[in-house]
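Worksheet for the structure shown next.
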Amino acid sequence: MQAKRFSVLSILATLLLLSACSPLAEETDWDIEGIIAQTSPYLVVSGVDREDIEGLSEQELLEKADDAIYFGFEEDLDLYERVRVTFTGINDSYPASGEVDELERVEER
């Protein structure tokens, strides 16, 4: 019984380690299209418009947005400007933060 339990635990631990070290996870590109809701650091939020978030606290903003990710852009961007960001290196916090691969300014809808 002990040997069987040890074998199952060993297999699970090995699978966990292999999935955590997968190079596929590191190479995955993600993207978000949204508006700049904060500028220092830049916070991009999706699923909302300027009118939806203007004057809200950060907590209220995060509750209202579909997604929210912090980025460190080297460009000067304006508050409420619409952008599309392709990124990697995202962490699991909320709001998350990511490493920018590509930044595109998007025309207002």
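Count the sequence shown with mature numbering (1 follows the signal peptide of the UniProt record, and there is no 0) and you get residues -25 to -1, 1 to 84, in order. Backbone N, C-alpha and C define an ideal beta-carbon position, used for all residues, glycine too. Given the structure is predicted, the values throughout are model-derived calculations rather than measurements.
query, result
"Cα-Cα, which of E49, D51 and D27 is closest to A40?", "D27"
"How big is the Cα-Cα spacing for E83 and D24?", "10 Å"
"When the distance is taken between beta carbons, is I44 closer than 9 Å to S15?", "no"
"Buried or exposed, going by whether 16 or more other CB atoms sit within 10 Å of the CB of L54?", "exposed"
"Counting only the same chain and skipping the five closest in sequence on each side, list residues whose C-beta sits under 8 Å from that of V58.", "E8, G9, I10, I11, V19, L52, L78, E79, R80 and V81"
"Can you grab the Cα-Cα spacing for the pair L31 / G22, in whole Å?", "15 Å"
"By the DSSP assignment, the alpha helix (DSSP H) with L78 in it spans what residues?", "No alpha helix (DSSP H) contains L78, which is instead part of the beta strand (DSSP E) from E74 to R80."
"Between which two residues does the beta strand (DSSP E) harbouring L18 extend?", "Y17 to S21"
"State the Cα-Cα distance for the pair L36 and Y17, rounded to the nearest angstrom.", "14 Å"
"In this structure, how does DSSP classify D6 when only helix, strand and coil are distinguished?", "strand"
"May I have the straight-line CA-CA distance separating Q34 from D76, to the nearest angstrom?", "27 Å"
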